[in-house]
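Encoded as structure tokens, the structure appears first; notes follow it.
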Amino acid sequence: MSEASQAPKALHPGLKLALELGPLAVFFLGTSFFDFFVATAAFMAALFLSMAVSFALTRHLPMMSIVSAVIVAVFGGLTLYLHDETFFRIKPTIIYTLFGAVLLGGLLFGKPLLSAVLGTAMSLTEEGWKKLSLRWSLFFFVLAALNEIVRIFFPEYWIKFKVFGATLLTLAFAMAQTPLMLRYEMKSEESETSDNNQTSV
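Using the numbering used here, the first residue of the sequence shown is number 8, and each one after it goes up by one.
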């Protein structure tokens, strides 16, 4: 079997976005019409359903999604079992801190781990991957800090921050990385061959 046939299938961008944002929409609607605990259970169900659909279509699940789902299951389960919102509210802090620490740890060992996550979607130079990994690592730490600030000092706004604030910040940050990705984009073999031919003339 060829490598191309073994590669994960790519989801349509619109469907991918719907699967990623769907659970958040379910959580927001749950808190709007029911209570926090109903919303938590609905969010967990929607998340696992979206992952099942994604796996059924691509036969692949990103490691970050799997880790997030495990943390959601643990902290969401504790929230429902103990009837305490704190566990679910602190969950994003744990996830963001973990992702930031993993990316930073990879850099300390000279391995930009972000390339393993996004390597099939883009091709960057080694320096580009390192800079992008560092930026995302720091961004995740900032999100973790923001989640704690809102959770502790502005609890009445936490749901809106989780659903809208963190999502919009992440989208804006991702878009802001476009210049860096273009600057360190790996040239195709065709472009490199063309450049070499022009140099030799």
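Backbone N, C-alpha and C define an ideal beta-carbon position, used for all residues, glycine too. This one's a predicted model, so the numbers in the text were calculated from it and none came from an experiment.
Neighbourhood of residue 141 by C-beta, 7 Å cutoff - its chain only, sequence neighbours within 5 removed
For this step, residue 141 is matched to residue 134 along the sequence shown. Answer for residue 141: 114, listed in chain order.
Closest by C-alpha distance to residue 79, when choosing among 155, 67, 101
To locate residue 79, count along the sequence shown from 1; it is residue 72. Of the listed residues, the one whose Cα sits closest to residue 79 is 101.
Closest by C-alpha distance to residue 74, when choosing among 175, 47, 103, 50:
Along the sequence shown, read from residue 1 onward, the residue named residue 74 stands at position 67. Checking every option, the nearest Cα to that of residue 74 belongs to 103.
How far does the alpha helix (DSSP H) with residue 72 in it reach, from first residue to last?
Locating residue 72 in the sequence shown gives position 65, where the first residue counts as 1. Looking at the DSSP string, the run of the alpha helix (DSSP H) that includes residue 72 is 70-89.
Ordered along the chain, which non-local residues of its own chain (more than five positions away) have a Cβ less than 7 Å from that of residue 164?
Against the sequence shown, residue 164 aligns to sequence position 157. Excluding residues within five positions, the ones whose Cβ falls inside 7 Å are 157.
Determine, using beta-carbon pairs with one atom in the stretch 43-58 and one in the stretch 79-92, whether at least three such pairs fall under 8 Å.
yes
Please report how far the alpha carbon of residue 86 lies from the alpha carbon of residue 44, in whole angstroms.
Within the sequence shown, residue 86 is the residue found at index 79, counting from 1. Within the sequence shown, residue 44 is the residue found at index 37, counting from 1. Going from the Cα of residue 86 to the Cα of residue 44 covers about 8 Å.
Taking three-plus beta-carbon pairs below 8 Å as touching, is the stretch 29-49 in contact with the stretch 163-177?
yes
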